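Presented below is the structure to which this report refers.
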Amino acid sequence: MSNIDFEQDQQEVIQKTDNIQTLADQVEKLNSLQQRIELQESDLKNTKKEFDHLSGEVIPTMMAEMGLSHLKLMDGSSVDVKPNYSASISIANREKAFNWLRDNGLGDIIKNEILVSFGRNEDNKAAEYANLAKGQGFQPTQKMKVEPMTLKALVRERIEAGKEMPTEIFSVFTENKTTIKRNK
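Under this note's numbering, the first residue of the sequence shown is numbered 104, with each subsequent residue one higher.
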């Protein structure tokens with residue numbers, strides 16, 4: 104016959120209850136932090152919207168009405184309003200855009216990638232293919248693209264130089280942006 108230790112059993116139950124309460128406290132703390140993060144992210148999103156509105160619309164409009172694009176403040180800092188360009192090439196306009204770039208001597212900004220995928224344990228085939236390309240019967244996937252920042256720079260250069268840039272093919276979007284340079 105074994106001895107039953109009721110006191111030890113009771114202590115184990117109390118310890119498990121304490122552990123459960125400690126875990127519940129940590130879960131509640133995590134939930135509270137998650138809610139704080141969501142509120143802060145929402146607040147940051149709203150602050151960015153307000154910033155973009157002032158930077159892109161309110162200040163540029165006011166300065167344009169006063170005939171200003173640059174303003175120097177008493178503390179030595181300055182405010183500038185400059186156009187900010189963005190552009191993209193839609194799938195529907197890809198062929199037209201690439202042809203226009205090539206026809207205008209700008210084809211070198213088009214990246215042309217050929218990708219070939221091999222399965223497991225096909226390292227030898229991959230090496231052969233690298234040497235023989237299509238001679239092994241694989242059909243490569245060809246991908247042509249223009250890097251977004253390269254396109255943005257090209258659009259800015261051409262527009263500011265007064266050169267042709269078909270905005271409908273390249274989905275060009277221009278907005279004003281206000282920058283403040285603080286006096287150091």
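For every residue, glycine included, the Cβ atom is placed at its ideal position computed from N, Cα and C.
Quick caveat, the model's predicted, so the values are computed rather than measured.
If you look at Met-166, you'll find it isn't in any beta strand (DSSP E); it sits in the alpha helix (DSSP H) that goes 162 to 168.
The straight-line gap separating the alpha-carbon atoms of Gly-210 and Ile-162 is approximately 38 Å. Residue range 276 to 284 is occupied by the beta strand (DSSP E) that includes Glu-278, with no alpha helix (DSSP H) assigned at that position. Checking the DSSP bridge columns, you'll see Tyr-188 partnered with Thr-277. Remark: C-beta atoms of Glu-216 and Lys-255 do not approach each other more closely than 8 Å. Annotation for Arg-259: Tyr-188 place their beta carbon closer than 6 Å to its own, counting only its chain and skipping 5 residues before and after. Between Ala-229 and Gly-222, the alpha-carbon positions lie close to 9 Å from each other. Residue state for Asn-224 is assigned as coil, using DSSP reduced to three classes.
The straight-line gap separating the alpha-carbon atoms of Asn-202 and Ser-181 is approximately 42 Å. In this structure, the beta-carbon distance from Val-249 to Ile-213 falls below 8 Å.
For Met-252, the secondary structure class from DSSP, reduced to helix, strand or coil, is helix. In this structure, the straight-line span from the alpha carbon of Gly-179 to that of His-173 is close to 13 Å. Between Ser-191 and Ser-135, the C-beta spacing is not below 8 Å. Contact between Gly-159 and Glu-263 is ruled out by a C-beta separation of about 18 Å, above the 8 Å threshold. Your pair Met-166 and Val-184 checks out as a contact, with CB atoms roughly 5 Å apart and the cut at 8 Å.
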